[in-house]
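K.L.:
Each step along the sequence shown adds one to the number in my numbering, with nothing skipped, and position 281 is 281.
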Amino acid sequence: MRKLSRFIAPLGIAALSLVSSRAFAQSPPAIGAAAPPPDAKALVAGPKGPADAPKIEAPKTDETNVNVSAGGLITTGNSKTVALTMNGLFDMRRGNNGLLVGLIGNYGESTVAPATEGKATAQNIQGKLRYDRYFLDNLSGFLITTGRHDRFQGIAFRLNLDPGVKLIAYKDEAQAFWAEAGYDFQFDARNDAGRAPTPPATELLAATRTDHSGRAFVGYRRNFNSAVTFSTGLELLQSFVKTDLGSADTRVNFDANVAAKLDFGFSLGVGFNARYDRLPIPGRNQLDTSTTLSLIYAWSDAAPKKKEEPPPCPECPSCATKEPAPAQAPAPAPEAPKAPETAPAPSTPTTPAAPTTPAPTPAPSDAPKP
1 MRKLSRFIAP
11 LGIAALSLVS
21 SRAFAQSPPA
31 IGAAAPPPDA
41 KALVAGPKGP
51 ADAPKIEAPK
61 TDETNVNVSA
71 GGLITTGNSK
81 TVALTMNGLF
91 DMRRGNNGLL
101 VGLIGNYGES
111 TVAPATEGKA
121 TAQNIQGKLR
131 YDRYFLDNLS
141 GFLITTGRHD
151 RFQGIAFRLN
161 LDPGVKLIAY
171 KDEAQAFWAE
181 AGYDFQFDAR
191 NDAGRAPTPP
201 ATELLAATRT
211 DHSGRAFVGY
221 RRNFNSAVTF
231 STGLELLQSF
241 VKTDLGSADT
251 RVNFDANVAA
261 KLDFGFSLGV
271 GFNARYDRLP
281 IPGRNQLDTS
291 TTLSLIYAWS
301 DAAPKKKEEP
311 PPCPECPSCA
321 TKEPAPAQAP
331 APAPEAPKAP
341 ETAPAPSTPT
351 TPAAPTTPAP
361 TPAPSDAPKP
């Protein structure tokens, strides 16, 4: 019995050491075969906080525009007529400040045989200076200063000061509608013809006159296409004081212009202007009108507006027009490290079973009995 135990004990120790060496020699599972799948990624990443929110840039408002136009009429023969008209406009905006400078003039002269010297039939010139301060994109306060000379209205010089507010009621790329309201101060310095009423009176009119009125204006602009534009404006001036011509004078001014682009910055324009005065100098007409045909040259440094591209939409059968590109083959998984030759790793990790004691080897038949 002692000999049998001496033989079995070494065998058990050897078995335990063999199982233990196999358990500790197992390699980790192969990458890709037993690793979990990667987390799904969102197609569109949302903002992570206030600092990650999209920034909306304000539209650029700085621009400069220049318009110059001129027109005329010449006739010869039994009657000779020369008529000239010119108009210049400079418009600039920098941030919330706008500046406009305008100048317009008309002159006409005619000669009827047998006379040899021409006689002036129209002679007026007007300059305008306007400043706008924008409080909002569609709201501004303004001050307009206008100076005018009109020989046949009896005005040596007329000064108008017009403070007020402007509201752009609607504006887009095709059209705009706006309104203005404010106060009008008018000072007239009359020439000699303007002081002598017709029919002649016993007393001449005063050399100067001052008037105070409320002012209202509405304007509209329409771009029919990239080549044809239309603009119009209506102004009402209602006096609330009494002058040497009467009390509560009413004046109405109307303008309309159509311009068609030609090429190289030039356009052909047709304009109509009407001026109504309920209390003119005695002997003058209440309504003056003029119609002009002129060649216009315009320049602007405003950059053309870029077309906004719609944001891309996710893949869907209705908007997918192109065949999807073939998917790229996944990169091969790295090879698992090889286990030692003495202890190959099983394909699937398992918990090692507890070692069992091997059955005793039967003793040879000729072994001596105790």
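We put the beta carbon where it would ideally sit given N, CA and C, even for glycine.
Answer yes or no: do residue 146 and residue 160 have a C-beta to C-beta separation smaller than 8 Å?
P.N.:
yes
K.L.:
Which first and last residues belong to the beta strand (DSSP E) in which residue 298 is found?
P.N.:
287-300
K.L.:
Please classify residue 262 as buried or exposed, where buried requires at least 16 other C-beta atoms within 10 Å of its C-beta.
P.N.:
Exposed is the call here.
K.L.:
Name the DSSP beta bridge partners of residue 127, please?
P.N.:
Paired residues: 103 and 147.
K.L.:
Select from 270, 300 and 84 the residue whose C-alpha is nearest the C-alpha of residue 291.
P.N.:
270
K.L.:
What separation, rounded to the nearest whole angstrom, lies between the Cα atoms of residue 89 and residue 256?
P.N.:
Rounded to whole angstroms, residue 89 to residue 256 spans 16 Å at the Cα level.
K.L.:
Is DSSP giving residue 190 helix, strand or coil here?
P.N.:
strand
K.L.:
Could you give the DSSP three-state label for residue 23: helix, strand or coil?
P.N.:
Low confidence applies here, because residue 23 scores a pLDDT of 48, under 50, leaving its location unreliable; read the following figure in that light. Three-state DSSP puts residue 23 in a helix.
K.L.:
Identify, in the order they occur along the chain, each residue of the same chain with its Cβ nearer than 6 Å to the Cβ of residue 150, setting aside the five sequence neighbours on each side.
P.N.:
124
K.L.:
For the beta strand (DSSP E) containing residue 231, list its first residue and its last residue.
P.N.:
228-239
K.L.:
Along the chain, where does the beta strand (DSSP E) containing residue 155 start, and where does it finish?
P.N.:
155-171
K.L.:
Check whether the stretch 137-146 and the stretch 276-288 are in contact - that is, three or more C-beta pairs closer than 8 Å.
P.N.:
no
K.L.:
Rounded C-beta distance between residue 228 and residue 260? I'm assuming under 8 Å.
P.N.:
5 Å
K.L.:
Would you kindly work out how many angstroms separate the C-alpha atoms of residue 192 and residue 109, rounded to a whole number?
P.N.:
Rounded to the nearest whole angstrom, the C-alpha separation of residue 192 and residue 109 is 21 Å.
K.L.:
With distances taken from CA atoms, which of 209, 223, 61 and 84 is nearest residue 136?
P.N.:
61
K.L.:
Once DSSP output is grouped into helix, strand and coil, what is the label at residue 264?
P.N.:
The DSSP-derived three-state label of residue 264 is coil.
K.L.:
Would you report the Cα separation of residue 167 and residue 142, rounded to the nearest angstrom?
P.N.:
Distance between the alpha carbons of residue 167 and residue 142 is about 11 Å.
K.L.:
Return the bridge partner residues of residue 269 from the DSSP annotation.
P.N.:
Beta-bridge pairing links residue 269 to 259 and 294.
K.L.:
Just checking my contact of residue 104 with residue 87 at CB under 8 Å: how many whole Å lie between their CB atoms?
P.N.:
Contact holds; Cβ gap of about 5 Å.
K.L.:
How close, in whole Å, do the beta carbons of residue 372 and residue 205 come, if the pair is a contact with beta carbons under 8 Å?
P.N.:
Residue 372 falls outside the range modelled here, since the chain spans only 1 to 370, and no answer is possible.
K.L.:
For residue 274 versus residue 289, is the C-beta distance shorter than 8 Å?
P.N.:
In this structure, residue 289 lies closer than 8 Å to residue 274 by Cβ.
K.L.:
Provide the residue span of the beta strand (DSSP E) that contains residue 281, from first to last.
P.N.:
Careful: residue 281 lies outside any beta strand (DSSP E) and carries neither H nor E.
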